[in-house]
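In this note's numbering, the protein residues as written are 2 to 128.
All residues carry an ideal CB built from backbone N, CA and C; glycine is no exception.
Here the structure is a predicted model, which means the values were calculated and not measured.
Presented below is the structure to which this report refers.
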């Protein structure tokens, strides 16, 4: 293999590895929280659930809420669940966010994870 090509592919692999560990902040309940990228298998599971729920809005929102929860370590804190009085950990999402917020954040997370096209892919002339 060509040395330049090998170096370029190795650099790309290193960049992807670094990107996986990078946290990004998103707003939940008026607060900025750190979100982390899911592993490859979890991303595929989320995408599969997304595709299966496309025609069912309530199921799609549940998939989005699960993605929000799974990507945000702060929302997984048992002390938060106790403070909010939730028994099902995923209910923390519905206590802190409304339907519109869940929908918007889930869309942002799916785009951030590279599972759907984000706004940056839109043609500005169409706006």
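Taking the straight line between their C-alpha atoms, what separation do you get for residue i and residue j?
i: residue 117; j: residue 23; result: 19 Å
i: residue 92; j: residue 102; result: 14 Å
i: residue 1; j: residue 57; result: This structure cannot speak to residue 1, because the chain is shown only from 2 to 128.
i: residue 2; j: residue 36; result: 38 Å
i: residue 119; j: residue 65; result: 15 Å
i: residue 88; j: residue 26; result: 26 Å
i: residue 7; j: residue 63; result: 42 Å
i: residue 78; j: residue 16; result: 30 Å
i: residue 12; j: residue 4; result: 12 Å
i: residue 9; j: residue 105; result: 35 Å
Closest by CA to residue i, which one among the options?
i: residue 110; options: 62, 69, 63 and 88; result: 69
i: residue 28; options: 72, 78 and 85; result: 72
i: residue 61; options: 107, 11, 12 and 114; result: 107
i: residue 67; options: 7, 50, 79 and 114; result: 50
i: residue 31; options: 98, 10 and 115; result: 98
i: residue 114; options: 52, 7, 5 and 43; result: 43
If residue i sits next to residue j, beta carbons under 8 Å apart, how far is it from one beta carbon to the other, in whole angstroms?
i: residue 34; j: residue 47; result: The pair is not a contact, with the Cβ atoms about 18 Å apart (cut-off 8 Å).
i: residue 100; j: residue 85; result: Not really, about 18 Å apart at Cβ, beyond 8 Å.
i: residue 82; j: residue 74; result: Between residue 74 and residue 82 the Cβ distance is about 13 Å, and since that is not below 8 Å, they are no contact.
Is residue i helix, strand or coil by DSSP?
i: residue 118; result: coil
i: residue 83; result: helix
i: residue 61; result: helix
i: residue 131; result: Absent from the structure is residue 131, since the part of the chain shown begins at 2 and ends at 128.
i: residue 71; result: helix
Indicate whether at least one CB of chain C lies closer than 9 Å to the CB of residue i.
i: residue 9; result: Looking for chain C here will not work: only one protein chain is present.
* Sequence ranges, beta strand (DSSP E) only - wholly within the stretch 9-58, length at least 3 -> 25-29 and 32-36
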